[in-house]
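Final position of the sequence shown in the numbering used here is 454; the numbers increase by one with none missing. Remarks on the structure that follows.
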Amino acid sequence: DARILKTDIKVFDTANDAVPDSTFFDGCDFVIGPVYNKEFKNIMSHVPAELPVISPLDHRTTALTDEYPNMIQAPTNRIYQYRDLVKWLASDVQPTDTVLYISETNARDTVAIREMKEILKSSGLRYNEFSYTILQGRSISSALLSRMTRTGNNRVIIESESEAWVNDLVRNLTILSKKAKIILYSPSKIRSFESIDAENLYTNSLHVCLSYNIDYERPEVKNFLLKYRAIFHTEPTLFAFQGYDIATYFINLVNQYGYDWREKLEETPMRGLQATFDFHKKANNSAVNEGVRRIEYLPEGTIVDSELNVQ
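What follows is the structure in C-alpha cells.
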C-alpha cells in the first residue's frame, strides 16, 4: 500500500503494575494492549468505557470480552480453529468417504478435547469413533484398517495433547496409507510436536487450522521483509508481523471510517501478513476475531496456505 497515514502514538510501559492516569487516553481512537491476560483487568478500570481496547496477543483474554463491552479480541481463540477445522472437513467429504474420529483411550478429559467432541457432535457429520492406548499402538493397524474404506478417502480427525500418542497414531496412519487413502485433520498443536517425522504429515495430507501463518511467497510478505531489514538491520520476529498486522488493520479502519469505525468491524475482513481478521460482535458489543488460516500438507512435499477464510 503506497499510502502514508499520519499517526500519533502514545506509549506507556505497564511494567511493575504501573497504570496510566485516565487523562493519558484523551484524544485516543483505540488502545492496543496490554499484552498479557493478567494485566488486562488492571488497565480496563482506568480506560474510558467508550474507548476500544484491543487485546493483541493473548488468547486467554477472550473470556474478558463478556465483561468489557469496549474490548476487541484480536488473537483467534482455539474454539474457532476447531469449528473451522470441522467445517473444512465437512465441506470436503464425498459420498464414498469415511470419517473417523480417533482418540486416546482414557486420556485426560481436557477442555480442548471436550470442545472438539461437542463441535463434532453438533456438526451433523456422520463419523465413526475409534480409540486406543499408546501401549496398543503396535497392534491396532488391522482394527483401524477394518474401519476404513478402500474406495474413497478416509478423513481422520483427532484432538490430543499427548505428543507420544499423536506420534504413534501418525506412524500407524503412514503404514496404513499404503492400503487406504488417508487425509488427517488436526488442531494446530500437532505442528509443535518435535518427535513427529514431518514426512509423515505430508504422506497423510495433514489439514490444520491456525491463528497465524506466514506465506513467505506472498509479494506483500516479501515487501515487508525487505523494508524491515533495511530499517532495522535484522529479521522480523513473529511479534513484529503481528504488530504490523494489527496496526495496519485498525489505523486503516479509523482513517477510512472515522469515529464510527467500530460499526464497520464485521464488514471489513482482512488477510494480514500473518493473521486473518474476521471480527464478529457479541451481544454486549465487544468483538472477537474468528479469522483462521487453513494449511494443507501436500504429498509432494509442499504446504498450501488457503486464501482469506471468512466464516
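From the three backbone atoms N, C-alpha and C, an ideal C-beta is built for every residue, glycine too.
Item	Value
Contact set for Ser449: own chain, Cβ-Cβ below 8 Å, skip 5 residues either direction	Arg436, Arg437, Ile438, Glu439
First through last residue of the beta strand (DSSP E) which encompasses Lys424	422-424
Residue range of the beta strand (DSSP E) that includes Glu439	436-440
Contact check, Arg334 vs Asp235, beta carbons under 8 Å	no
Proximity winner among Val196, Glu258, Asn356, Gln279, relative to Asn249 (alpha-carbon distances)	Gln279
Residue of Ile389, Gly386, Glu342 minimising C-alpha distance to Gly444	Glu342
For Ser331, the residue or residues it bridges with in DSSP	For Ser331, which the question treats as bridged, DSSP gives no partner whatsoever.
Exposure label - Ser188; buried when at least 16 CB within 10 Å	exposed
Close-in-space but distant-in-sequence residues of the same chain around Asn427 (CB under 6 Å, 5 per side omitted)	Pro212
At least 3 beta-carbon pairs within less than 8 Å: the stretch 369-377 vs the stretch 165-180	no
Nearest candidate by alpha-carbon position, reference Lys332, set Asp311, Lys321, Val351	Val351
Span of the alpha helix (DSSP H) around Thr317	306-319
Three-way DSSP call (helix, strand, coil) for Phe168 in this model	helix
Contained beta strand (DSSP E) runs [length at least 3] in the stretch 319-407, N- to C-terminal order	324-330, 350-353
N- and C-terminal bounds of the alpha helix (DSSP H) containing Val254	254-266
Distance between Phe173 and Ala192 (C-alpha atoms, nearest Å)	11 Å
Sheet register partners of Ile197 (DSSP bridge)	Ile175, Ile215
One or two residues paired with Ile277 in a DSSP bridge	Partner(s): none; Ile277 has no beta bridge.
Host beta strand (DSSP E) of Ile245 (start-end)	241-247
Candidates Ile318, Ile300, Val242: closest to Thr292 by CA position	Val242
Sequence-distant residues of its chain with Cβ nearer than 8 Å to Ile394 (five each side left out)	Leu148, Thr150
Beta-carbon gap between Glu409 and Thr219 smaller than 8 Å	no
As assigned by DSSP and simplified to three states, the class of Val236	coil
Leu381 classed as buried or exposed, judged by whether at least 16 other C-beta atoms fall within 10 angstroms	exposed
Unbroken alpha helix (DSSP H) run spanning Asn159, endpoints	That residue, Asn159, is in no alpha helix (DSSP H); it is neither H nor E in DSSP.
Nearest candidate by alpha-carbon position, reference Ile389, set Tyr270, Ile215, Thr157	Ile215
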